[in-house]
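First up is the structure itself, then whatever we jot down about it.
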Amino acid sequence: MKINGLRALALASATSVAALAGSAANAVEIEYWQYFFDARVAAMEQLIENFQAANPDITVTMTHFPYADYRTKVAAAIPAGEGPDVVQLFYGWLNDYVQAELIQPLPADVFPAATIDEEFFPMVQAMKEGDQYWALPTAVRSLALFYNERLMEEAGVEPPTTLDELLAAAAAMTKRDGAGNITQVGMTAGMTAQDHHWWREGLVRQMGGEPYTDDYQTVNYNTDAGLKALEFYTDMFMGENPVTAVGFMDEPQAAFKAGLAGMHIDGSFRIGSLADIRGLKWGVTELPATADGVRSNYSSYWVNAITTKAEGEKYDAAVKFMDYVSSDEAMQIWLDVVGELPAKPSVGMTEENANDPVFGPFIRGLEYAHTTKFADESGQRQLMVEMVERMQLEGMSAADSIAIAAEAEQKLLDEYYGE
Amino acid sequence: MATAEDLQVKPKADVLLQTGPSRPPRNMGQIIRFLLLFAGGILMVMPIAFMISTSLKWPHEVYNLNFIPDEPTIENYIYVLEDGRFYWWFLNSLIIAVITTICSVIFDSLVGYTLCKFRFPGRYIVFIAILSTLMIPTEMLVIPWYLMSQQFGWLDTYWGIMFPGLMTAFGTFLMKQFFETVPDDFIEAARIDGLNELQIWWTVAMPLVRPALAALAIFVFLGNWTAFIWPLIVTNSVEMYTLPVGLSSFGDEADVAWELIMTGAAISTIPTLIVFLIFQRFIIRGVVMAGLKG
Amino acid sequence: MKLYRDLTIRQKKIVWAWGFLAIPVLFYCVVRFYPTGNAILISFQDWNLLGARTWTGLDNYKKLFGDPVFWKVFKNTFVYLLLGTPVSLVISFVIAYHLDKIRFMHGFLRMLYFLPFMTSAVAMAWVWRWFYQPVPIGLFNNFLASIGIPQISFLNSTSNALPSILAPAVWAGLGFQIIIFMAGLRAIPKSYYEAARIDGVSTWTVLWEITLPLLKPTIVFIVVFSSIGFLRIFDHVYNMTTQNPGGPLNATKPLVLMIYQTAFSSFDMGYAAAQTVVLFLVLLAVSLLQLRIMRDR
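Structure, rendered in structure tokens:
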């Protein structure tokens, strides 16, 4: 058994189940958990340092795990009493964690709902139940349109601002070989990546619909708007002149990274890995609007919350820590180190940030972004994938396929919320 | 089943051991056989060659399907090996794999031998019960194991990572089958000679199934070396990760650095290759029948 | 109370047998049987890993048998078995048999065949996915195109996907089976072959009358074990269909993948446990059947 400084520290804070730890004169220790990613860990270490400097009587220990099965890991640990005091979770899990009483609501005096409503981007309101906030993000992500500068120049097109321009640009950048096989796609496509988000919160809304109602408990895309959105999407690869192919280069982002795709819709988290690729000159622009200028975007985020394990002194320390990691200062640091977008317009919409060539389109997209409350994200994504597959592999019509998908998803939601 | 008389013939050493310098194939049949097997072997390892080629590429070249990188680089290897944590992961995996292999080989062969050579009430049931443990996917056992480890304080310890793998139904089944090939008369003769059951197992039966033991060692080592889900769940601190767990941190929810994964995979293969090369000789040596005593 | 020395020889042997088995049985009980019992219990409950468990009786099972996806998955699992086991058995035996007869570069060849088994499954899945891509990227389709055959959609087709995923699984597992066969072949005393050679028996007869019968325990092991392996297939399918697990449209989804998704994506532990129990019963039935058919008469 290895014993070293970090482990002993982690052990010490983990085994103090009751919050009655030692005398008040000693530093209060709280534990924070997040998943492992170089930049995020680095950013959090900086935040912890700043926090501890401002609060010398509090020590924060961070534990992190590989992303794979992070959720299972946390889920296995907390009921076993091994939990942290402040935990990071994906916004989509909030419901589960609240129901299982793993986290507690943020105190209204430090985190008044009305103020938060105003100060944060609107989609953060998904973290509110009733009139209390349960968790807050330090950083958020949204979608934007990446494009390959060189391919655009070659084809003589400009980054599109509307959906029609998008199709035109894609058509110009699609290349084929002698036998008619596509060797370069104008646009990437694949519901397995971010497209299902773009479809739900982007296209469906832009076509005049609302993908869900009743606070995301009722499926509402089996409508004209939904059908239009689906047809727009599938026409890209199933129409007469496809400008893309599902499964080209295995994954949409692979095609873009290889320089074989003109445009690609993806989240802000892709920025880091694209920066590494030599020879790929890329730019970003906001998701295209309709001809009438209607825009819509999808935003997702990881949030921090206080667990039910934190009591007494630890609770107070945890509140202070939460306050700090949700502050403007923390968000700017996170943007600089991790490249994730600030959750508050006060930080996001500064001159510098809003006009940044890379982050700008994402940040501006936050103003009209919606966050889908998923019951089971991978399950619901799978239904989107199958919706398209039925059309492609079984020749089903869009209307039939969307009806089946809507029914299946409603069933999934009913089962989840019926509990 | 063979009788003692048949085996009195002590075969010539070189036919049996097949050691000594390898000679080139002697006739047409052998040549064709060799060529076909060689071609088959090359086909078998093509994907692996591709993996190595990817590990030598810069990220922007990863998605080109060329076999030989345009700009080969060992940058990925440097990156992975320079990461200080890598050595902890390697060491952890090594210690765990070695200990579980030794433990498994001993216990699995003991149980396999018992199930094969002893008649006792409940024998069939025990065999089926152990075999049935192969039928529950480990994914479902992970949660109860976690709760157990947490209760006994095994979290984040070597013991915690190791304990599920100390004995395997696979090994038990394998050894049972191979012990079937050991003639009962050998055992009887040893009993008559006054050896106790433990001695018989260790000194008489075990040497006769050496090829199987070698195969078992290779597989148990490999299984524990590459185990992922359980070590992931039971470890907390980075220093305790095993190699697969550590290497998985080169990817996150949004992105996987395939060139690093390939590099990690290539490096991970080396110890298993070494273990294989060491133990496979025993599979080849075959069994030397020492003839009967008395 | 009887002392050890008063027991009959037969009874002494029984004592020894249980003596040997004591620790292992304890181990299996604690590490395998108890958690399995736990899992069976959960199959009658509703639990999402975080909250309380509520008793639901046979609800999970009723839901399972009424689920069309389950039946598709059940069929897939058996297809993996019925295609995978015979193919890999025959190929690995042929290779092991001939490899055994080669002495030149024997070790090197053996290593070549075993290497796929030793290599990271995740890495190999990625490589095979690339091989299966359509023209102009995929190796296989490029080859087909060069000899004038129209390209085949491997992974993106509901009919081709399962065999396409089975291929790398068989490929990876060959090394394992070859090694076991080789161990089995080497355990056959050379005196038999000597005697046959003296008697002038043909190679084919040697194979059928001597080698295969003596290899029976090995063959039994491989058939039962690889059957269990194919019925339990998970890693290969998951690694090759990560973005769209078990796809397209559930064409490749085996039972263990369904269990994994139910447990760790949907966090519906009760339902997953019910599926596990069904899998267990199937495996048990198949294995017992095989052991019975193949036992010594």
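Protein chains in written order, with our numbering: chain A, 1 to 419; chain B, 1001 to 1294; chain C, 2001 to 2297. Don't be surprised by glycine CBs; every beta carbon is placed ideally from N, CA and C.
Rounded distance between the beta-carbons of ILE2228 of chain C and MET1135 of chain B, thought under 8 angstroms: Contact holds; Cβ gap of about 7 angstroms.
Spatially closest choice to ARG1281 of chain B from C:VAL2087, C:ARG2005, C:VAL2094 and C:ARG2110, by CA coordinates: When each option's Cα is compared against that of ARG1281 of chain B, the closest is C:ARG2110.
Reference MET152 of chain A, options A:TRP134, A:ALA172, A:ALA144 and A:THR138, closest by Cα: Minimum Cα distance to MET152 of chain A is reached at A:ALA172.
Own chain residues within Cβ distance below 8 angstroms of GLU409 of chain A, not counting five before or after: Result list for GLU409 of chain A: VAL219, GLN380 and LEU383, in chain order.
THR2077 of chain C - containing alpha helix (DSSP H), residue span: It spans 2068–2101 - the alpha helix (DSSP H) in which THR2077 of chain C sits, taken as one unbroken run.
Rounded distance between the beta-carbons of GLU119 of chain A and LYS344 of chain A, thought under 8 angstroms: About 6 angstroms separates the Cβ atoms of LYS344 of chain A and GLU119 of chain A, confirming a contact at the 8 angstroms cut-off.
Spatial distance of SER2120 of chain C from PHE2078 of chain C (CA atoms): Cα to Cα, SER2120 of chain C sits roughly 26 angstroms from PHE2078 of chain C.
Residues of the stretch 2054–2075 of chain C whose Cβ lies closer than 8 angstroms to any Cβ of chain B, in chain order: Taking a C-beta cut-off of 8 angstroms against chain B, none of the residues of the stretch 2054–2075 of chain C qualify.
Own chain, CB closer than 6 angstroms to TYR1241 of chain B, minus 5 neighbours either side, in chain order: Correct list, in chain order: TRP1089 and THR1235.
ARG71 of chain A (DSSP reduced to helix, strand or coil): Assignment of ARG71 of chain A by DSSP, reduced to helix, strand and coil, places it in the helix class.
Short Cβ contact (8 angstroms threshold) for LEU2249 of chain C with THR2158 of chain C: Closer than 8 angstroms, so yes.
Chain A contact for PHE2131 of chain C (CB, 8 angstroms cutoff): No, its Cβ sits nowhere closer than 8 angstroms to a Cβ of chain A.
CYS2029 of chain C classed as buried or exposed, judged by whether at least 16 other C-beta atoms fall within 10 angstroms: When all chains shown are included, CYS2029 of chain C counts as exposed.
Proximity test, Cβ basis, 8 angstroms: ILE277 of chain A and chain B: Yes, ILE277 of chain A counts as interfacial toward chain B.
The stretch 229–242 of chain A touching the stretch 382–396 of chain A, judged by at least three CB pairs closer than 8 angstroms: The stretch 229–242 of chain A vs the stretch 382–396 of chain A: in contact.
Neighbour list for MET249 of chain A in chain C, Cβ cutoff strictly below 8 angstroms: Those are GLN2133 and ILE2137, listed as they occur along chain C.
Within 8 angstroms, strictly: CB atoms of ILE48 of chain A and ASP85 of chain A: No, these two residues do not count as a Cβ contact at 8 angstroms.
Extent of the continuous alpha helix (DSSP H) run through PRO1144 of chain B: Its alpha helix (DSSP H) spans residues 1138–1152.
Residue of C:THR2036, C:PHE2065 and C:PHE2070 minimising C-alpha distance to THR1138 of chain B: Of the listed residues, the one whose Cα sits closest to THR1138 of chain B is C:THR2036.
Any chain B beta carbon closer than 8 angstroms to PHE51 of chain A: No, because no Cβ of chain B sits closer than 8 angstroms to the Cβ of PHE51 of chain A.
Same chain, Cβ closer than 7 angstroms to ASN2160 of chain C, five either side skipped, listed in chain order: Excluding sequence neighbours, ASN2160 of chain C sits near ILE2152, SER2153 and PHE2154.
Distance between ASN2038 of chain C and ILE1130 of chain B (C-alpha atoms, nearest Å): For ILE1130 of chain B and ASN2038 of chain C, the gap between their C-alpha atoms comes out near 17 angstroms.
Simplified DSSP assignment, three categories, for MET187 of chain A: The three-state secondary structure of MET187 of chain A, taken from DSSP, is strand.
Below-8 angstroms beta-carbon distance, LYS411 of chain A vs any chain C residue: The beta-carbon of LYS411 of chain A is placed no less than 8 angstroms from the nearest beta-carbon of chain C.
Residue(s) in a DSSP beta bridge with SER299 of chain A: BP columns for SER299 of chain A point to A:SER142.
Cα-Cα separation between VAL284 of chain A and ARG71 of chain A, rounded to whole angstroms: Across the structure, VAL284 of chain A and ARG71 of chain A are spaced so that their CA atoms are roughly 31 angstroms apart.
Rounded straight-line distance, which links the Cα of LEU1260 of chain B to that of GLY1248 of chain B: Strictly speaking, residue 1248 of chain B in this sequence is Ser, with Gly absent from that position. Looking at the two C-alpha atoms, the distance is approximately 10 angstroms.
Local Cβ density within 10 Å of ASN148 of chain A, reported as buried at 16 or more and exposed below that: Around the beta carbon of ASN148 of chain A, 16 or more other beta carbons lie within 10 angstroms, which makes this residue buried.
Assigned secondary structure, GLU1180 of chain B (DSSP; H/G/I helix, E/B strand, else coil): It is coil, neither helix nor strand.
Beta-bridge pairing of TRP1202 of chain B - partner residues as DSSP gives them: Note: TRP1202 of chain B sits in no beta bridge, so no partner.
Minimum Cβ-Cβ distance from ARG2297 of chain C to chain B less than 8 angstroms: With a pLDDT of only 46 at ARG2297 of chain C, under 50, the local geometry of the prediction cannot be trusted, and the value read off the model is given with reservation. Not closer than 8 angstroms to any Cβ of chain B, the Cβ of ARG2297 of chain C fails to qualify, so no.
C-alpha gap between MET44 of chain A and TRP199 of chain A, whole angstroms: Rounded to the nearest whole angstrom, the CA to CA distance from MET44 of chain A to TRP199 of chain A is 33 angstroms.
Cβ distance (whole Å) where GLU251 of chain A is taken to contact ARG364 of chain A below 8 angstroms: Distance from GLU251 of chain A to ARG364 of chain A at the Cβ level is roughly 27 angstroms; contact not present, criterion being Cβ atoms closer than 8 angstroms.
Short-range partners of chain C found in the stretch 1258–1276 of chain B, where Cβ spacing is below 7 angstroms: For the stretch 1258–1276 of chain B, the set of residues with a beta-carbon nearer than 7 angstroms to any beta-carbon of chain C comprises TRP1258, ILE1261, MET1262, ALA1265, SER1268, THR1269, THR1272, LEU1273 and PHE1276, in chain order.
Chain C within 8 angstroms of PHE1219 of chain B, Cβ atoms only: Taking Cβ atoms only, chain C reaches closer than 8 angstroms to PHE1219 of chain B, which makes this a yes.
Three-state secondary structure (DSSP) of GLU409 of chain A: If DSSP states are grouped into helix, strand and coil, GLU409 of chain A belongs with the helices.
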